[in-house]
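Read the structure below first, then the notes.
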Amino acid sequence: MRASGLREPVNSSFIIGMDDVVVYHKVNTILGAAVTLVNVLLLFVFCTSSSLRRKSEVLIALCAADGVNCFSISLMGLNRVLLYTKIIETLTIPIRTSWECAVEPWLITRGFGDLWPPTVQIAMAIDRCLAVFNPISYRKSSFKRNGVFFLLTISIVTCELLVGYFIAWTRRLVKVKYWCGRKAAFGDFFASFLYASNIVCYLLAFTLTLMAYFKSQYWMDKNSSREQLVRIRYLLMISILSIILISIPNGISLFYQYISHVANAIAKPSTYLTCVNSGINIFVYLVFYKEFRDEFKRIILRINKIRTIPVISDKIVTTELRSPRLFNTTIQHQNQ
C-alpha cells in the first residue's frame, strides 16, 4: 500500500498549541542556516590558506560535517513549518509509511548530520594518538593521506546509514507518525543507535585525546611535545564541548525516549545545543590555534603582519670610487 498524497481529517482540538510548534521550527530553520554560514566561512578560511589546507585535513572534514549537520537542521525546520502550517489550515494530516519518511531529502541529510560529526571526532582522536604514540610511522605515512581522512569518514557514515535504510525498506508498508522522525523512518533500534553513537563516539574521542595530551605533556621531548600540544589543546576543547552539548542531552533523550512528554521537552533545547556545538569551533580555533587566528585576520579581516627591520645606526657610510687614471695622476702629483 502506498500512502503518498493521502490525508486524514483531524478535529480542531488536534491543532491546539501547534502555532508554538511552528514558531519553534522557524527558529530551527533560521538558526541552522546561520550556523551553516558560519561553517562555510570556516571552510573558506581553511581552503584559502595554503598552510592550513595542508595541515588541517581533519579540521576541514569536521567543518564539512558540522555544516551538513546544521544544514539538515535548517531543512528539518523548514519541512516541519510547512507540514504544521498545512495541518492548521486544512485540519488534515498526511498518511505516511516508514519508507516514504526515510527518503525525504531532509531526513537523508539529517542522517549524515547525526553520524558524520561524531565519526570525524573519533577519527581525529585516533589520528592524534597515532601521531603521539608512533610518531615515526605517522610522519612517514602522513604525506600519503591527502583526502583519505575525508573519504574514510564519509564512507563509514554511508555504510551505517545503509543499514538504517535497509531497515526502513523492510518496514516500507508500516504506517508511521505523520511528522516522519528518525524513529518513524528507521525504527526504535536504529534511532537508539543514532542517539548512542552521539554519546559513545564523543566520550571515546575525549578519552583518546586526553591520553594523547598526557603522553605529549609528560613523556615526550620538549620540541615534539610543543608541536603536539598546540593541536591537542583545541581538539580537547572541542571534545569537552561536544560531551556537554551533545552527549549529555542525547543520553537523557535515549533514557527517556519512551516517555513522550519528557522526550519532547529535551528534544527542543537539544536541537539548539547541536547548532551551538557545530558553530562554536571557529571560536575555539581563534582562541587556541594561533596559525588559524593569523590566517583568519589576513583572509577575512585583511590584516597582514608587518615585518619590521630594526635600524642599527643612523649613520650612512659612503665609499668614494676613483677611476684608475685619476688615481695614478694623483699619486704622480704627490711624488713631485
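In terms of the working numbering, the sequence shown is residues 7 to 342. Built from N, CA and C at the ideal position, the CB exists for glycine as well. Computed from a prediction, not measured in an experiment: that's the story for all the values here.
- Per the Cβ contact rule, the region 33-50 is in contact with the region 75-93 (3 or more Cβ pairs under 8 Å).
- Between Ile252 and Asn287, the C-beta spacing is not below 7 Å.
- Per the coordinates, the alpha-carbon of Pro100 lies some 7 Å from the alpha-carbon of Gly11.
- Look at Glu14 here: in three-state DSSP terms it is strand.
- Here the alpha carbons of Ser55 and Ile306 stand approximately 11 Å from one another.
- By the C-beta density criterion, Lys183 is exposed, having fewer than 16 other C-beta atoms within 10 angstroms.
- Take the alpha-carbon of Val293 and the one of Arg178: they are about 49 Å apart.
- In this structure Ser222 is in contact with Gln234, their Cβ atoms being roughly 4 Å apart against a cut-off of 8 Å.
- For Ile99, the enclosing beta strand (DSSP E) stretches over residues Thr98 to Pro100.
- Closest by C-alpha distance to Tyr224, out of Phe139, Gly117, Ile93 and Ile128, is Phe139.
- Comparing alpha-carbon positions, the option among Ala108, Ile244 and Asp300 lying closest to Tyr208 turns out to be Ile244.
- The alpha-carbon of Ile309 is positioned some 26 Å away from that of Ala70.
- Counting only runs of 4+ residues, the alpha helix (DSSP H) found wholly inside the region 97-166 occupies 104-108, 111-139 and 141-148, in chain order.
- Spatial neighbours of Val44 in its own chain (CB-CB distance under 7 Å, excluding positions within 5 residues in sequence) are listed in chain order as Gly285 and Ile288.
- Secondary structure of Val180 (DSSP, three-state): coil.
- Out of Gly153, Ile128, Leu210 and Thr98, the CA that lies nearest to the CA of Glu14 is found in Thr98.
- For Asp72 against Leu200, the beta-carbon gap comes to about 17 Å, at or over 8 Å, which does not count as contact.
- Counting along the chain, no alpha helix (DSSP H) covers Tyr295, and no H or E run does either.
- When secondary structure is reduced to three states using DSSP, Arg60 falls in the helix class.
- Here Ala218 is not near Phe156, since their CB atoms are 7 Å or more apart.
- As the crow flies, the alpha-carbon of Lys274 is around 37 Å from that of Lys61.
- With a threshold of 16 other beta carbon atoms within 10 Å, Val29 falls short and is exposed.
- Between Phe52 and Arg59 a beta carbon distance of about 6 Å is seen, short of the 8 Å cut, so the two are scored as contacting.
- Measuring C-alpha to C-alpha distances from Val33 to each of Ile162, Arg304, Tyr278 and Lys303 identifies Tyr278 as the nearest.
- If you compare the alpha carbons of Ala137, Ser80 and Ser104 with that of Val236, the shortest gap goes to Ala137.
- In this chain, the alpha helix (DSSP H) harbouring Leu210 covers Arg188 to Tyr224.
- Secondary structure note for Gly23: it is in no alpha helix (DSSP H), with a DSSP letter that is neither H nor E.
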